[in-house]
Amino acid sequence: MHNKKRSDERFTFISEGQMDINGTTYNCLVDNISTSGALIEVTAAEQEHIRVGETGILNTVILAPVKFLCKVVRINLNQIGLQFVGNLQR
């Protein structure tokens with residue numbers, strides 16, 4: 003699932019998280035992450051409500067809790083590709 007044409011390196015990083023989209027919170031597993039985005043896993047039932055192009059907030063813990071404003075760019079099986087469009091860490 004890794005794209006060989008990436009301009010930044012993607013690191014395998016398994017962490018629990020939450021994705022907030024349109025007032026709904028979805029529990030997820032952050033599978034890997036880079037400076038420009040992340041790949042998350044959600045259940046098939048939750049994925050049915052998420053659409054490409056929607057924006058939301060990914061909450062996870064890297065070394066400390068962080069929040070990223072992100073856009074859904076790809077949906078495959080139970081995986082969702084996110085592009086970061088801003089860091090909301092305070």
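All residue numbers for the sequence shown refer to the numbering used here, where the first residue is 3 and numbers rise by one.
Here a beta-carbon is modelled for each residue, glycine too, at the ideal position from N, C-alpha and C.
T27 burial status per 10 Å Cβ neighbour count (16 or more: buried): The residue in question, T27, is exposed, as its Cβ has fewer than 16 Cβ neighbours within 10 Å.
- prompt: Between the beta-carbon of D33 and the beta-carbon of I23, is there less than 8 angstroms?
  reply: Result no, Cβ atoms of D33 and I23 do not sit closer than 8 angstroms.
query: Whose CA, out of G25, E50, Q20, lies closest to the CA of L79?
result: A check of alpha carbon separations from L79 across G25, E50, Q20 identifies E50 as the nearest.
query: Do you know offhand how far E68's Cα is from T62's?
result: According to the sequence displayed, residue 68 carries Val and not Glu. Their backbone Cα atoms lie some 6 angstroms apart in a straight line.
- request: Note the first and the last residue of the continuous alpha helix (DSSP H) segment covering A47.
  value: From DSSP, the alpha helix (DSSP H) with A47 extends over 46 to 49.
- prompt: Under a Cβ-count criterion, where at least 16 other Cβ atoms within 10 Å of its own Cβ denotes burial, should I64 be classed as buried or exposed?
  reply: Within 10 angstroms of the beta-carbon of I64 lie fewer than 16 other beta-carbons, which makes it exposed.
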